[in-house]
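In the numbering used here, the protein residues as written are 6 to 365.
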Ligand SMILES: [Zn+2]
């Protein structure tokens, strides 16, 4: 205790207590309620009590509190989530969840009711990107209007394009509707092709392979875990595709109208024929004059139903459905786009159920 009293005056400014297991002794720095401090810091004081006879201690309670809080936060993170993942769209959040399980804490920047082309680069997104150690997006310029701003403002150099921690799903699939000329007056036309790759479940196989490899690169300590989950996903996803394709046989050759050019991969997978789009140019709301033209086309070239994504305004497709006497089918489009699309499997189960119901 004697050595303690020598130390104490130098530490008064940070509010310390001279403390021994036998005789708690407050210093004159203003915070004297040692019983209260004991109650609040039982864990840390117990540890020091065990050491007490050998170590007369001066504890700064605020520092102890911070340490206890810090380790309490750190322990569950290190035990479960090794990676902080920023996904641009719900489908990539869901795929990352399939592959990374409890090793990742995943945030989706958009939900199924948002247009992924147009997202505000708000501070909460920037804060999430700042903490990310993996970014998983579609790419192919889908997020060109907002992601570059979010990443730049985040100041997180580890997740910039070109780094291992930046993953673009579109790089791993065969792109459709790649334009032969690029003119912004044509609307939301992307140089690399149509970015709505998540509507064909076959695309998830090469993307999952590449994403699985990326998880291993970023977190090699859990390599066996990621490889096991990838193998399981591959097996289950292939079985699910076979089931969906069998169910979808009646959709082959069915002529459809699309509200936005958001379904070329779905149509390619199921063999549906896209007659026309309601948007005069991708991303442009259809005018009444344009809808009248679409109606004329449909009189010559009938379609079975008009497709729209859950995030889209229902009015143009309802308008055309009523006048052309065809069905209007809203598809979840991504995870969360309907009550049943709770994960990737639910997304395609519900997509097929809605398309098949549209045939009746
Ligand atoms: Zn689009």
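For every residue, glycine included, the Cβ atom is placed at its ideal position computed from N, Cα and C.
These numbers were taken from a predicted model, which means no experiment stands behind them.
Residues bridged to residue i [DSSP beta-bridge criterion]
i           : result
residue 173 : 142
residue 314 : 336
residue 281 : 262
residue 111 : 90
Same chain only: Cβ atoms within 7 Å of residue i, ignoring 5 sequence neighbours per side
i           : result
residue 236 : none
residue 273 : 181 and 205
residue 270 : 181, 201, 202, 204, 205 and 208
residue 161 : 134, 135 and 137
residue 122 : 147, 150, 193 and 288
residue 40  : Residue confidence is low: residue 40 scores 41 on pLDDT, short of 50, so the model does not pin down where it sits. Its coordinate-derived value is still stated next. Cβ within range, chain order: n/a, list empty.
residue 238 : 103, 104 and 213
residue 295 : 285
Exposed unless 16 or more other CB atoms sit within 10 angstroms - verdict on residue i
i           : result
residue 137 : buried
residue 219 : buried
residue 80  : Unreliable placement is indicated for residue 80, whose pLDDT of 43 sits below 50; the coordinate value is still reported in the next sentence. When all chains shown are included, residue 80 counts as exposed.
residue 292 : exposed
residue 5   : Residue 5 falls outside the range modelled here, since the chain spans only 6 to 365, and no answer is possible.
residue 223 : buried
residue 102 : buried
residue 332 : buried
residue 330 : exposed
residue 217 : buried
residue 320 : exposed
residue 225 : exposed
residue 234 : buried
residue 64  : For residue 64, the predicted model reports a pLDDT of 39, less than 50, meaning its position is unreliable and no value from the coordinates is stated.
residue 247 : exposed
residue 76  : Only weak support is given to the placement of residue 76: the predicted model assigns it a pLDDT of 44, under 50, and the value that follows is read from those uncertain coordinates. Per the 10 Å Cβ criterion, exposed.
Contacts around residue i, its chain only, beta-carbon distance under 6 Å, and the 5 residues preceding and following it disregarded
i           : result
residue 306 : 280
residue 159 : 131, 134 and 135
residue 358 : none
residue 266 : 282 and 287
residue 163 : 170
residue 268 : 204 and 312
residue 89  : 110, 136, 137 and 138
residue 334 : 310, 312, 359 and 363
residue 277 : 256, 259 and 261
residue 284 : 265 and 291
residue 112 : 91 and 133
residue 323 : 333
residue 221 : 228 and 231
residue 275 : 253 and 256
Unbroken beta strand (DSSP E) run spanning residue i, endpoints
i           : result
residue 216 : Counting along the chain, residue 216 falls outside any beta strand (DSSP E), though it belongs to the alpha helix (DSSP H) covering 209-223.
Alpha helix (DSSP H) segment containing residue i, residue limits
i           : result
residue 293 : 293-305
residue 159 : 152-159
residue 355 : 349-363
residue 135 : 128-136
residue 290 : Note, residue 290: premise wrong, no alpha helix (DSSP H); not H, not E.
residue 269 : 269-275
residue 95  : 95-105
residue 252 : 228-252
residue 190 : Note, residue 190: premise wrong, no alpha helix (DSSP H); not H, not E.
residue 329 : 320-329
Residue i CB to nearest heavy atom of ligand 3 below 7 Å
i           : result
residue 287 : As far as ligands go, the structure on display features ligand 1 and does not contain ligand 3.
Beta-carbon contacts of residue i that lie in its chain and below 8 Å, excluding the five residues immediately before and after
i           : result
residue 144 : 173, 174, 175, 176, 197 and 200
residue 245 : 206, 350 and 353
residue 243 : 210
residue 347 : 340 and 341
residue 154 : 126
residue 361 : 252, 253, 255 and 256
residue 141 : 90, 91, 92, 93, 97, 98, 100, 101, 172, 174 and 216
Chain B contact for residue i (CB, 8 Å cutoff)
i           : result
residue 273 : This model lacks chain B altogether, as it is built from one protein chain only.
Item to check | Three-pair Cβ contact test at 8 Å for the segment 141-155 versus the segment 117-127 | outcome: yes
Checklist entry - When the Cβ atoms of the segment 96-106 are set against those of the segment 198-217, are three or more pairs found closer than 8 Å? => result yes
Checklist entry - Would you call the segment 169-185 and the segment 195-205 in contact, with 3 or more CB pairs under 8 Å? => result yes
Next on the checklist: Using a Cβ distance threshold of 8 Å, determine whether the segment 262-280 contacts the segment 294-311, with at least three qualifying pairs required.
Outcome noted: yes
Checklist entry - For the segment 306-319 against the segment 331-344, are there 3 or more C-beta pairs whose distance is under 8 Å? => result yes
Item to check | Three or more C-beta pairs below 8 Å linking the segment 157-169 and the segment 114-123 | outcome: no
Next on the checklist: If contact is defined by three or more beta carbon pairs under 8 Å, each pair taking one atom from either stretch, is the segment 103-111 in contact with the segment 228-235?
Outcome noted: yes
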